[in-house]
Structure formats: C-alpha cells, structure tokens
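Asks: Take this structure first; my questions come after.
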Amino acid sequence: MEKTYMSKWFIAVCISWLQLLILIFPFTLRAENVSVITTIFPLKEFAQAVGGEQVEVTQLLPPGAEAHTWEPKPSDIVRLSRADIFIYTGAEMEPWVSGILKTIENPKLVIIEASQGLPLLRADQAEAIGGEHHHSQESMHGRFDPHIWLNFDFDQKIVDKITEALSKKDPEVILRYQRNAEAYKAKLRDIDLRYLKGLGKCDSKEVVLGSHAAFAYLAQQYGLRQISLYGISPNAEPTPKKMAEVIACAKKYHAQAIYYEELVSDKLAKTIAQETGAKTLVLSTGENLTQKQIETKVTFLALMEQNLENLRYGLSCK
Amino acid sequence: MEDILTYGFMQRALVAGVFISIACAILGVFLVLKRDAMLGHGLSHVTFGGVALGLFLGIKPLLMALVVAVFCSVIIQKLREKAGLYEDTAIGIFSSTGMAIGIILVTLSGKFNVDLFSYLFGNILAIERFEVVIAVFLAVTVIMVISFFYQELLYQTFDAEAARTSGIRIGFLDAVLAVLTSITVVIGMKVVGILLVAALLVIPSAAGLQIAKTFRQAVIISSVVSIGSVIAGLFAAFYWDLPAAGTTVVVAFLVFLAFGTLRILKKRGVLE
C-alpha cells in the first residue's frame, strides 16, 4: 500500500519535470539565430523581409485573433523572455503589451514600438476623416488611431527601425539587412504609387465600412473619406441612427460596395448592402490572417493589392 | 416618425424583436416564480462553451451550442433534485465551467477565422430575413408547448409538493421548461444578442408580477411589457442615437421600476 502510494508520487514528479523540460527545450535549441517576435502580421512580414532566412520571426497572435482583445498565454511569456527583438504597434493597439513587458526578465530584449515618432492621427481627427458626424463618445477609447501600417510611408520608416535593431544585434551581416530592407521598401513605394494611380480618377471618394474606422491613414494618403458604422474601437456597438446615416451615405454616394473586415462578422455590412443594393467586399486591415490565408502564404502586400482592387470596384475608379 | 419604418433593418428588428420578446416573457414568468431567473443568463455562458466545442470539432457551432445548452439545462434541473443543490448553485457551476471549457477550446484550436464573439452574438440591427422567420417559429413553439401543459405547469410552479403527490410529472415538466429556455437562449442570442435575451427572460416578467392579480394576467402583462420595451427601445435608440439592445433593457427596467413603485404605493394605501 505504502509502496504504490510512493511510486505514484514519484511518477507524478517525473511527469511534471518532463513537462517543464518539454516547455523549455525547443527554445534553448534555437539560441543561435536572432529571434524576433511581433504582435501583428504586417510587422512580422516587415521583420521577415529585412531579416531573411537567418532570422526567426514569430507572431504572437494566433490566426484569427484580434489584437485589441487578445491576451498572452504562459508560453508566449516564455517565448518573449527568450527573444532578441520584440516589435509591437503601440499601446493603443496592443494594450496588454506594457503588462507583459513588466513580467518578463530579459535584459537582452530590444523593444521596438512601431508607432513611436510617427505623426499619428488623433482618434478624433481620424474619425473626422472618417464620417460626416463626429462622435465624441467613441473617440474616448484611445487617444490615437493605431492602424499605422495602412500608411505605406510609415511602413518604410518601420522597416528602417527594424533594420537598425537587427544590425545592432547582428552587425556582421549589416549589409545584407540593408539590402533586404531596400528591396522591400521599393515594393512599398511601388504599391503606394499604384494606389495613387489607381484611386486618382474615381466617381466617389467615400469608402463605406460596415465595421470600425480602421482606414483613416489610408484615406488620408489618397484623398478618400471613410464612412464607418463605429469609431476606432472594434468593440463598440452601432446605433440605429448611425446605421440609417451610413445607409443614406451609401445611397447618396452610389457606393458600389460596402466593406467589411475579414476577422469580424460581415452581418452589419450585409444589412447595409441589402438596403442599398451594393455588394459586400473585404477591406482587409492585414492585422492578422485567417488559418486559410496562412496556409496559402498570403503576404501583406498581396492583401493590400486586393484592397486596391476592391476599392477601385466600390468607388467606380477608371 | 415615418422614416424609421422605411429601413428594412428596422422593420426586421421590430418584427423579430417582438416575437422573441413574447417567447422570453412567457417563459420568464415561470422561471421567475420558480426562482430560476438566472437560468437564461447561466445558459448563455454554457452556450459559449457549446459554440467553441462546435468550432473545435468542426460541427455546426449553433447546433452544437443548442445541444450543449439543452443537455446542461436538463442536468441543472436534475442536480437540484438529486444532489440537493439549490438551482442557483447548479447554474453557477455549469455557467463557469462552460465558459472555462470554451476559453480552453478557443486557445487549443487557435484557428478561429472570425472573432468568436462576433460570431456568437447577433445584433438586433443586423437581422436577416430567415432569422425573422425563426423568431416567429420560436414564439409559436413556446406558446403552443406552454398552453399544452398550462394547468400542470401552473400547479407545479406554485406548489411543487402538492403537484408531485397528485401525480404530476414534475421532473418532466421541469425538463420541458429547461429545454424551451435553452432553445430560446440560443436562438435569441443569434438573432437579437445575448444582452437582450437574458434581460427579456427576467425583467418583463418581474415587472408583470408586480401588478398582476392572477397568473394569466402576469403572463399577459409581462408579454405586453416585453413587446413594449422592444418597440420603445428601438424607437428611442433610433431618435436619440443610442445602442439598441442597451436602450431596450433600460426601458424594460424603467417599466419594472414604475410597476414596483405602484405596488408599494398600493400596499401603503396611497393608491386605490
């Protein structure tokens, strides 16, 4: 009796040690490569583009997760405490970051806040670009519009920041990092040009969104206006009046498409589209991917291409 | 006044809202009297686990949610009978466990393409046509089943012991109510959203019971309060630019407050 009791304890202790080993082992193995952790998908793509194959980039957010509401698991904290570089957008986008950065002990970790130093739009300005009506309650959610990666100029600056951090970590291959960065920045400039050209001659400038106002930077860049059901925060609720206003706007500007985001339900967009006879199309923030998109290896640039095409349809561009 | 009804989404919100509110109010009177008022709220948490399980196993999430909710509601009733637990304890156990399992499954599968909550919670402003039909169907089902068992339900609601000794199948009737409630919660959640359905299961019935003299009156007054709150809530939300579900719940609460005050005044002999 006593003996079996003891052996049970022994087995339990062994199993828990084994679990601990399994948890730690993969991370100790990979110590040689520079390891970068990012929160959202565009930042991952930028880091991977600069770093190339020698740098290991992982994204914290699992497929389908939404950056504002997601919270880290214990294993994410473990990963962070072993990483070299951590890149996030900013406190408005990932409010949970400051909390985890306090709990990890990792003196070598270089932290990049992508939005730092960029001329951000205040939330109320962003919504002024957004809709005809200014909603003061909604702009209380955050002070700045965090969707910075939807401005391709900002993206180039973020790429520079990443290049600088990687070069400090791994100065031997600094030239390669710089070459990669230039190549990717050229692609960003190219897509910027295509947006300028593609959205230059359109019947309408009003982008009607059946979701939250995430596209202020894009709208600002190309002289468009976003009309959205609710403000910067993706968790707010639309009011019936706002629904009616957006429907009226969609009719007034002959919107050919009502846009929705991939990670949010398209129900509201469909409801508006049904009233106006428009189509519903995806306008992706690129913030995160679905499982399917990950399997097909969609790139951020490809998503932006698709957005351009969908915008050109909805705004009747020539 | 005239333009609110020119919008299809407002028409659908009104029609579906009214029918769901009827189903909720009728069930609510029984639940409140049986001290099961939290059942709707508890089941909505269980449903979260059900949807997550459905997504995890690749079975239709709403169907899975329905199955899980029905199953848990019956178990909750049984627990009270067999384990000697009060119903609120059983609800507490199942609602937290349902949420917990849901959260674990969400993380485990890690591949939900749409934010679970936006999948799970309908919005009264974005009701599709077939959902209106489902709402009507739900209300008709609840009314038919309740009127079929009306006398027995009435008896056991007021005096379970006497009903048991006179040969009424208490366990069966409890199960009928539990199943109807779970169906209402799952459908209501998908069509009008969880906040609204949980509130409509409790507040209008509580308001009706403040001033009703008979049980039948309670059912009728509760239904009227429920319907009125949905209509007034939608109109108020439209004109004052407020979120629809929240406004409806507050309207129902104000009615409850008014009826409660009326009752107190009557008791003190201030009003005849």
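Here the protein sequences line up with chains Y and S, keeping their order.
By the numbering used here, the letter at position 53 of the first sequence is numbered 53, and the numbering carries on one by one without gaps.
Position in the second sequence (from 1) plus 1000 gives the number in the numbering used here.
Just so you know, even glycine gets a beta-carbon here, dropped at the ideal spot from N, CA and C.
Around the C-beta of residue 1129 of chain S, are 16 or more other C-beta atoms found within 10 angstroms, so that it is buried, or is it exposed?
Replies: Residue 1129 of chain S is exposed by the Cβ-count criterion.
Asks: Is there a Cβ of chain Y sitting closer than 8 Å to that of residue 1281 of chain S, yes or no?
Replies: Residue 1281 of chain S lies beyond the range of chain S shown here (1001 to 1272); nothing can be said about it.
Asks: Flag residue 1280 of chain S as yes if its beta-carbon sits less than 8 Å from any beta-carbon of chain Y, otherwise no.
Replies: Not covered by the structure: residue 1280 of chain S. The range shown for chain S is 1001 to 1272.
Asks: Measure the alpha-carbon distance for residue 97 of chain Y versus residue 88 of chain Y and round it to whole angstroms.
Replies: Computed Cα separation, rounded: 8 Å.
Asks: Taking only beta-carbon atoms, is residue 1107 of chain S less than 8 Å away from chain Y?
Replies: Chain Y contact via Cβ: present.
Asks: Would DSSP call residue 139 of chain Y helix, strand or coil?
Replies: Confidence at residue 139 of chain Y is low in this model, with a pLDDT of 37, below 50, so its placement is unreliable and the value that follows should be read with caution. Residue state, collapsed to three classes: helix.
Asks: For residue 242 of chain Y, go through chain S and note every residue whose CB falls closer than 8 Å to its CB, in chain order.
Replies: Near residue 242 of chain Y (Cβ distances below 8 Å), the residues of chain S are 1241.
Asks: What residues in its chain sit with their C-beta under 6 Å from that of residue 1195 of chain S, if we drop five residues either side in the sequence?
Replies: If we look at residue 1195 of chain S and ignore the five residues flanking it on each side, its Cβ neighbours are 1245.
Asks: If I measure Cβ to Cβ from residue 188 of chain Y and keep anything under 7 Å in the same chain, skipping five residues before and after, which residues do I get?
Replies: Excluding positions up to five away in sequence, the list reads 152, 155 and 156.
Asks: Return yes when the Cβ of residue 226 of chain Y is within less than 8 Å of the Cβ of residue 246 of chain Y, no when it is not.
Replies: No, they are not a contact pair.
Asks: What do you reckon, are the CB atoms on residue 184 of chain Y and residue 50 of chain Y nearer than 8 Å?
Replies: For residue 184 of chain Y and residue 50 of chain Y, yes; Cβs fall inside 8 Å.
Asks: Pair every Cβ in the stretch 1235 to 1250 of chain S with every Cβ in the stretch 1056 to 1073 of chain S, then say whether three or more of these pairs are closer than 8 Å.
Replies: Flag = no, the stretch 1235 to 1250 of chain S and the stretch 1056 to 1073 of chain S do not touch.
Asks: What is the residue span of the beta strand (DSSP E) that residue 69 of chain Y lies within?
Replies: Taken as a continuous stretch (DSSP letters only), residue 69 of chain Y belongs to no beta strand (DSSP E), as it is neither H nor E.
Asks: Do you know whose CA, among S:1207, S:1059, S:1104 and S:1178, lies nearest residue 1079 of chain S's CA?
Replies: Out of S:1207, S:1059, S:1104 and S:1178, S:1178 has the C-alpha closest to the C-alpha of residue 1079 of chain S.
Asks: Give the single residue among S:1266, S:1004, S:1257 and S:1027 whose Cα lies nearest to the Cα of residue 1138 of chain S.
Replies: Answer by Cα proximity: S:1027.
Asks: Counting only Cβ pairs nearer than 8 Å, list the residues of chain Y close to residue 1086 of chain S.
Replies: By Cβ distance, chain Y contributes nothing, its closest Cβ being about 33 Å from residue 1086 of chain S, past 8 Å.
Asks: Can you tell which of S:1250, S:1253 and S:1023 has the C-alpha that lies nearest to the C-alpha of residue 1134 of chain S?
Replies: Among S:1250, S:1253 and S:1023, the Cα nearest to that of residue 1134 of chain S belongs to S:1023.
Asks: Our contact map puts residue 251 of chain Y next to residue 276 of chain Y with C-beta atoms below 8 Å; I'd like the distance itself, whole angstroms only.
Replies: Sure, about 5 Å apart at Cβ, within 8 Å.
Asks: Assuming residue 1225 of chain S contacts residue 1207 of chain S (C-beta within less than 8 Å), just tell me the rounded distance between them.
Replies: Residue 1225 of chain S to residue 1207 of chain S, Cβ: 5 Å. Contact.
Asks: Using only the alpha-carbon positions, how far apart do residue 130 of chain Y and residue 216 of chain Y sit?
Replies: Note that residue 130 of chain Y has pLDDT 47, beneath the 50 cutoff, so the model's placement of it is unreliable and no number is given.
Asks: Checking the sheet assignment: what are the DSSP bridge partners for residue 212 of chain Y?
Replies: Note: residue 212 of chain Y sits in a beta bridge opposite Y:230.
Asks: Between residue 274 of chain Y and chain S, is there a C-beta pair that is closer than 8 Å?
Replies: Closer than 8 Å: yes.
Asks: If you check the beta carbons only, do residue 1234 of chain S and residue 1017 of chain S fall under 8 Å apart?
Replies: Contact: yes.
Asks: Is the stretch 1144 to 1164 of chain S touching the stretch 1045 to 1053 of chain S in the sense that three or more CB pairs, one from each, lie closer than 8 Å?
Replies: At 8 Å Cβ cutoff, the stretches do not touch.
Asks: For the stretch 1214 to 1247 of chain S, which residues have a CB atom closer than 7 Å to at least one CB atom of chain Y, in sequence order?
Replies: Listed by position, the residues of the stretch 1214 to 1247 of chain S near chain Y (Cβ gap below 7 Å) are 1234, 1237, 1238, 1241, 1242, 1243 and 1244.
Asks: Quick one, which of S:1231, S:1247 and S:1036 has its alpha-carbon nearest residue 1019 of chain S's?
Replies: When each option's Cα is compared against that of residue 1019 of chain S, the closest is S:1231.
Asks: Check whether the Cβ atoms of residue 149 of chain Y and residue 64 of chain Y sit closer than 8 Å, and answer yes or no.
Replies: Contact flag unset, no.
Asks: What does the alpha-carbon distance come out to for the pair residue 1210 of chain S and residue 1192 of chain S?
Replies: Cα to Cα, the separation comes out at about 26 Å.
Asks: Under a Cβ-count criterion, where at least 16 other Cβ atoms within 10 Å of its own Cβ denotes burial, should residue 42 of chain Y be classed as buried or exposed?
Replies: The residue is buried, with at least 16 neighbouring Cβ atoms inside 10 Å.
Asks: Identify the contact partners of residue 1009 of chain S in chain Y, using a Cβ-Cβ distance below 7 Å as the criterion.
Replies: Those within 7 Å of residue 1009 of chain S in chain Y are 243, 271 and 275.
Asks: I'd like the span of the alpha helix (DSSP H) that includes residue 1014 of chain S, first residue to last.
Replies: Note, residue 1014 of chain S: alpha helix (DSSP H), 1008 to 1033.
Asks: Check residue 144 of chain Y in the structure and name its three-state DSSP category.
Replies: Strand at residue 144 of chain Y.
Asks: I think residue 104 of chain Y touches residue 165 of chain Y, with their Cβ atoms under 8 Å apart; what is that distance to the nearest whole Å?
Replies: About 18 Å separates the two Cβ atoms, so there is no contact after all.
Asks: Of all the options Y:167, Y:194 and Y:163, which has the alpha carbon lying nearest to the alpha carbon of residue 182 of chain Y?
Replies: Of the listed residues, the one whose Cα sits closest to residue 182 of chain Y is Y:163.
Asks: Please report the straight-line C-alpha distance between residue 172 of chain Y and residue 40 of chain Y, rounded to a whole angstrom.
Replies: Each residue's alpha carbon lies about 28 Å from the other.
Asks: With distance defined between alpha-carbon atoms, name the residue in Y:121, Y:191, Y:179 and Y:269 nearest to residue 305 of chain Y.
Replies: The shortest C-alpha separation from residue 305 of chain Y is found at Y:191.
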